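A.B. asks:
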Amino acid sequence: MASAAARAALESLLRTRKLDTTLVGQDLPAIRLSPDRVLSTGAPALDSALGGGLPRGQVSEIAGPASSGRTALARALLASATGGGELAAIVDVFDRFDPAGAAGAGVCLDRLLWVRGESVWQDTPLALDPAWEPSRPGPRAARSRMGQAVNRAIKALSLVLSAGGFGLVVFDAADVPVRVLRQLPFTTWLRLQRAIEGSDTACVLLVREPIGRSPGGASVRLGSRTPAIRAVEQPADFHVRVQASRHPFVPGRPRVKPGRAGAAQWTGSPQARRFRGLAPLASVQCGIRTTSCELEFS
Amino acid sequence: MFACIWMTGWRDEVAAPQHALLEVAQRFSPRAAWIGRDTLVLDVAGLRRLFGEPCELGAELRRALADAGLETRIALAGTRTAARLLVRARAGLTITEAGDEAAALAALPITLLQHVLVPPQEAGQLPLDGTAAAPSPPSRFYRSSPVQEIVRPRRRSSGARSAAERAAAEWLATFRRWGLRTLGDLAALPPAELAARFGDAGPALQRLARGEDPEPLVPMAGDERFEETLPLDWPIEGLEPLSFVLARLFDPLCAQLDRRGRAAAVLHVELQLVTRECWARRLELPAPVNDPRTLRTLALLDLESSPPPAAIDAVTVRVDPTPARTLQFSLLERARPAPEQVATLTARLIALMGERRVGRPVLLDTHRPDAWRLEPFTGEDGHPAAPASEPSSGRPSGAALRRLRPPVPARVVVDAGRPAAVQVSGSDPIGGAVEQAAGPWRASGDWWAPGEAWDRDEWDVALDGGTVCRLVRDRRQDRWYLDGLYD
Chain A
1 MASAAARAAL
11 ESLLRTRKLD
21 TTLVGQDLPA
31 IRLSPDRVLS
41 TGAPALDSAL
51 GGGLPRGQVS
61 EIAGPASSGR
71 TALARALLAS
81 ATGGGELAAI
91 VDVFDRFDPA
101 GAAGAGVCLD
111 RLLWVRGESV
121 WQDTPLALDP
131 AWEPSRPGPR
141 AARSRMGQAV
151 NRAIKALSLV
161 LSAGGFGLVV
171 FDAADVPVRV
181 LRQLPFTTWL
191 RLQRAIEGSD
201 TACVLLVREP
211 IGRSPGGASV
221 RLGSRTPAIR
231 AVEQPADFHV
241 RVQASRHPFV
251 PGRPRVKPGR
261 AGAAQWTGSP
271 QARRFRGLAP
281 LASVQCGIRT
291 TSCELEFS
Chain B
1001 MFACIWMTGW
1011 RDEVAAPQHA
1021 LLEVAQRFSP
1031 RAAWIGRDTL
1041 VLDVAGLRRL
1051 FGEPCELGAE
1061 LRRALADAGL
1071 ETRIALAGTR
1081 TAARLLVRAR
1091 AGLTITEAGD
1101 EAAALAALPI
1111 TLLQHVLVPP
1121 QEAGQLPLDG
1131 TAAAPSPPSR
1141 FYRSSPVQEI
1151 VRPRRRSSGA
1161 RSAAERAAAE
1171 WLATFRRWGL
1181 RTLGDLAALP
1191 PAELAARFGD
1201 AGPALQRLAR
1211 GEDPEPLVPM
1221 AGDERFEETL
1231 PLDWPIEGLE
1241 PLSFVLARLF
1251 DPLCAQLDRR
1261 GRAAAVLHVE
1271 LQLVTRECWA
1281 RRLELPAPVN
1291 DPRTLRTLAL
1301 LDLESSPPPA
1311 AIDAVTVRVD
1321 PTPARTLQFS
1331 LLERARPAPE
1341 QVATLTARLI
1351 ALMGERRVGR
1361 PVLLDTHRPD
1371 AWRLEPFTGE
1381 DGHPAAPASE
1391 PSSGRPSGAA
1401 LRRLRPPVPA
1411 RVVVDAGRPA
1421 AVQVSGSDPI
1431 GGAVEQAAGP
1441 WRASGDWWAP
1451 GEAWDRDEWD
1461 VALDGGTVCR
1471 LVRDRRQDRW
1481 YLDGLYD
């Protein structure tokens, strides 16, 4: 009896602190948030595992190794938010965002605020090209630049979240080493969550390992399945067709731009397609409840 | 609702009362037009929330004019014509509710029409007995309808004015012969009969007698220069003291903008330095702004990124005005941040991240890879939201490419024309044997532009470590690069 009363008191306290999403137990039903308090991921399986989508007003995270589908999932979130008429923002720590690919995936670029960080490639310079080497900084300088870029991006993220009005804010730190993120004060993520608490903004961190989810947020951990590549089809028996654009521009004649690689330039392989997508396993953690589902990007 | 103000104590040799009257009037509404040299018509529609009922507005207007030392008559009516007629007929403050103009004018003498028929410069001296004026041929009258005469009185030549005088005198003399004494008598005549006798002018005169306006008010274009300057007693250095100076400048400037119904489209900040140089900054605002705090923040953030090289002697702020925005919020969409908030946010981000690092991506019409430009993010777009309940296939579309800018040189082992192994150096090196590869996809372009030509083969490769990446071979340099990682 005493334990039940203590549990009830604890649950009441958690609800007061808006931490009741962390409650678990045999007798508790699966938490399903109100539809207007979640942001759909665009994948019904994942939405179901998340209880409707990523919670608004919370910091969630999408974690996984390279080529596990983190960016594709974030892009689907951006498409979902901007397609619904909301504003979205992406704080791109290392300037990796691909606008053309995002537009192709349905992201409305007019509603997207892109904050470009500094383009830093890992910690060390590359020494493959002598002509290119001097323009690259040394290892220490690169490490310093990386830390500065992360700090600056965190400040930018804080500004965007504090401004409010965005339906989704993505912090793309997918290429930032975990040790760099761990060097940040632990209050950083708490401060970010406080900035959006109670608002309609869903903040999503793209990271290699879970690091900063708020208590009411969700962690989506993606893991590659083997084979990682699906549906890579070879452009067999191809040959280059003479391009119309090779002709010099003559006034009065329609100007033909060089065709992008693909069906316009390759013949004999109508099924020639690029790399199509990934099929990762998603491990979803809301509170301390963990579920799994399969995702497919195609 | 219009207010007509007639300066009854105005004298030709004194010009200052006009400025005083205009200044007082523009405290109430920016939409004003002079009717002659002593009469001003003011559009006071929409002021009910600020001043209350028309009687309260009229009393406030009368009190402000009296405080300015002006002896005036004021009439408020739903139409400009009714207000003009009433102000000539009744002293003090006259208020007529919208829709009651015809009834209010019905008892007024018909001779008041001369004030709206004749150009204001000559008003008041018409021979009304019907004997002195020699009318022009009717065809000339009808070619120049009274409506046109009323709308553009100042642009007419003296010949046109005298023609208008003659026409008005003839019409009024005719009405007198008919036994019409009041505007109500004229308004009650059958329009068809009037048109048969006066042509188009007949119904137009009747509409004037009912107090109907021939055309909407065309407010005069005021002085649209919005500028404030503050010379400093002592040179200041640093942005913190400058913020107080800017606050003193932007508060009156924004109040002036607000009175005119304007907002700032472009902000100019000019700092006179102790070195006698002028440090000028120009900010194009993404949306019209007339909030002093926002303008001050934007100016400070801009000066933070481009600080003046010396101490400041004088500060001048100037804005290019544009009509202020009217926002209509929707109940069906989520609230978006106000443009002032977005402008402040982007300015802060630019100050933090640098120029060309913040904005809205816009794709370029080219086949060059990674071709885009950044435009200012306004938070507004004309696209409707997509249907919320669009059925999903359950598959987020496409694999996303994470681009490396610039592409990172890579060492690629080629076997039988296909990548067999890849090595990219770094603290977290990427490389390994190629398990699967697709390509090449050849693309080229801009060969017609010197120095901008590009020619490349793209490969999508899956490495044995699980990484999927895009390799690019620059065919012009015969070098391999890592263009991006699929994720």
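Residue numbers (our numbering), protein chains in the order written: chain A, 1 to 298; chain B, 1001 to 1487. Every residue gets a Cβ at the ideal spot worked out from N, C-alpha and C, and that includes glycine. Note that the structure is predicted; figures quoted are calculated from it, not measured.
Flag residue 1293 of chain B as yes if its beta-carbon sits less than 8 Å from any beta-carbon of chain A, otherwise no.
C.D. replies: By this cut-off, residue 1293 of chain B is not an interface position.
A.B. asks: Quick one: is residue 293 of chain A near chain B, going by C-beta distance under 8 Å?
C.D. replies: Answer no: the Cβ-Cβ gap between residue 293 of chain A and chain B never drops below 8 Å.
A.B. asks: Taking the beta carbon of residue 1178 of chain B as the centre, do at least 16 other beta carbons fall within 10 Å, making it buried, or is it exposed?
C.D. replies: Residue 1178 of chain B is exposed by the Cβ-count criterion.
A.B. asks: Would you list the residues sitting across from residue 1454 of chain B in a DSSP beta bridge?
C.D. replies: According to DSSP, which records beta bridges pairwise, residue 1454 of chain B is partnered with B:1445.
A.B. asks: Is the Cβ of residue 250 of chain A closer than 8 Å to any Cβ of chain B?
C.D. replies: For residue 250 of chain A, the pLDDT reaches just 33, beneath the cut-off of 50, and the residue's location in the model is therefore unreliable, leaving the point undetermined.
A.B. asks: Roughly how many whole angstroms lie between the Cα atoms of residue 179 of chain A and residue 1295 of chain B?
C.D. replies: Answer to the nearest angstrom: the Cα atoms are 41 Å apart.
A.B. asks: Are there 16 or more other CB atoms within 10 angstroms of the CB of residue 186 of chain A, so buried, or fewer, so exposed?
C.D. replies: Classification for residue 186 of chain A: exposed.
A.B. asks: Is the Cβ-Cβ distance between residue 1108 of chain B and residue 1001 of chain B less than 8 Å?
C.D. replies: Contact flag unset, no.
A.B. asks: Who are the neighbours of residue 1362 of chain B on chain A, taking C-beta pairs under 9 Å?
C.D. replies: Those are 99, 109 and 110, listed as they occur along chain A.
A.B. asks: Could you name the residues of chain B that residue 66 of chain A contacts, counting a contact when the two beta carbons are closer than 7 Å?
C.D. replies: Those are 1467, 1485 and 1487, listed as they occur along chain B.
A.B. asks: Could you give the DSSP three-state label for residue 1202 of chain B: helix, strand or coil?
C.D. replies: Helix, per DSSP.
A.B. asks: What is the DSSP secondary structure of residue 183 of chain A, reduced to helix, strand or coil?
C.D. replies: Three-state DSSP puts residue 183 of chain A in coil, outside helix and strand.
A.B. asks: In angstroms with no decimal places, state the Cα-to-Cα distance between residue 1406 of chain B and residue 1484 of chain B.
C.D. replies: C-alpha separation (whole angstroms): 10 Å.
A.B. asks: CB-CB under 6 Å to residue 126 of chain A, same chain, minus the five flanking residues each way: which ones, in chain order?
C.D. replies: With a pLDDT of 37 at residue 126 of chain A, under the threshold of 50, the modelled position of that residue is not reliable, and no figure is offered here.
A.B. asks: Cβ of residue 1328 of chain B less than 8 Å from any chain A Cβ?
C.D. replies: So no, residue 1328 of chain B is outside the interface.
A.B. asks: In angstroms with no decimal places, state the Cα-to-Cα distance between residue 1468 of chain B and residue 177 of chain A.
C.D. replies: The straight-line gap from Cα to Cα measures roughly 19 Å.
A.B. asks: Using a C-beta cutoff of 8 Å, does residue 116 of chain A count as contacting chain B?
C.D. replies: Cβ-Cβ to chain B under 8 Å: yes for residue 116 of chain A.
A.B. asks: Closer than 8 Å by beta-carbon distance: list the chain A residues that pair up with residue 1256 of chain B, in chain order.
C.D. replies: Chain A residues near residue 1256 of chain B: none, gap ~28 Å exceeds 8 Å.
A.B. asks: Which class does residue 1134 of chain B belong to by DSSP, given the choice of helix, strand or coil?
C.D. replies: Legend: pLDDT at residue 1134 of chain B = 33, less than 50; position of this residue unreliable, value from coordinates given subsequently. Residue state, collapsed to three classes: coil.
A.B. asks: Of all the CB atoms in chain A, is at least one closer than 8 Å to the CB of residue 1004 of chain B?
C.D. replies: For residue 1004 of chain B, the answer is no, since every Cβ of chain A falls outside 8 Å of its Cβ.
A.B. asks: Counting only C-beta atoms, is residue 218 of chain A closer than 8 Å to chain B at any point?
C.D. replies: For residue 218 of chain A, the answer is no, since every Cβ of chain B falls outside 8 Å of its Cβ.
A.B. asks: Under 8 Å between C-beta atoms, does residue 1206 of chain B make it to chain A?
C.D. replies: By this cut-off, residue 1206 of chain B is not an interface position.
A.B. asks: For the beta strand (DSSP E) holding residue 97 of chain A, just list the boundary residues, first then last.
C.D. replies: No beta strand (DSSP E) contains residue 97 of chain A, which DSSP labels as neither H nor E.
A.B. asks: Going by DSSP, what residue range makes up the alpha helix (DSSP H) through residue 1292 of chain B?
C.D. replies: Unbroken alpha helix (DSSP H) run through residue 1292 of chain B: 1292 to 1305.
A.B. asks: When DSSP builds the beta bridges, which residues end up paired with residue 1182 of chain B?
C.D. replies: Answer is B:1109, bridged to residue 1182 of chain B.
A.B. asks: Quick one: grab the DSSP three-state call for residue 1478 of chain B.
C.D. replies: In the structure shown, residue 1478 of chain B sits in coil (DSSP, three-state: anything other than H, G, I, E or B).
A.B. asks: Give a yes or no on whether 8 Å exceeds the smallest Cβ distance from residue 163 of chain A to chain C.
C.D. replies: Absence of chain C from the displayed structure is noted, the protein chains being A and B.
A.B. asks: Going straight from the alpha carbon of residue 222 of chain A to that of residue 16 of chain A, what length do you get?
C.D. replies: Approximately 32 Å, taken between the alpha carbons.
A.B. asks: Which term fits residue 1420 of chain B, buried or exposed, when burial requires 16 or more other beta carbons within 10 angstroms of its beta carbon?
C.D. replies: The residue is exposed, with fewer than 16 neighbouring Cβ atoms inside 10 Å.
A.B. asks: Taking contact to mean at least 3 C-beta pairs separated by less than 8 Å, is the stretch 1282 to 1290 of chain B in contact with the stretch 1225 to 1244 of chain B?
C.D. replies: The stretch 1282 to 1290 of chain B, when compared against the stretch 1225 to 1244 of chain B, does not touch it at the 8 Å Cβ threshold.
A.B. asks: Is the beta carbon of residue 1246 of chain B less than 8 Å from the beta carbon of residue 1289 of chain B?
C.D. replies: Not closer than 8 Å, so no.
A.B. asks: Would you kindly check if the distance between the Cβ of residue 1249 of chain B and the Cβ of residue 1319 of chain B is under 8 Å?
C.D. replies: The answer is no: Cβ separation not under 8 Å.
A.B. asks: For residue 1274 of chain B, count neighbouring Cβ atoms within 10 angstroms of its own Cβ and tell me buried if that reaches 16, exposed if not.
C.D. replies: When all chains shown are included, residue 1274 of chain B counts as exposed.
A.B. asks: In angstroms with no decimal places, state the Cα-to-Cα distance between residue 1326 of chain B and residue 1053 of chain B.
C.D. replies: Computed Cα separation, rounded: 24 Å.
A.B. asks: According to DSSP, is residue 211 of chain A helix, strand or coil?
C.D. replies: Coil.
A.B. asks: Report buried or exposed for residue 1019 of chain B, applying the criterion of at least 16 other Cβ atoms within 10 angstroms of its Cβ.
C.D. replies: Classification for residue 1019 of chain B: exposed.
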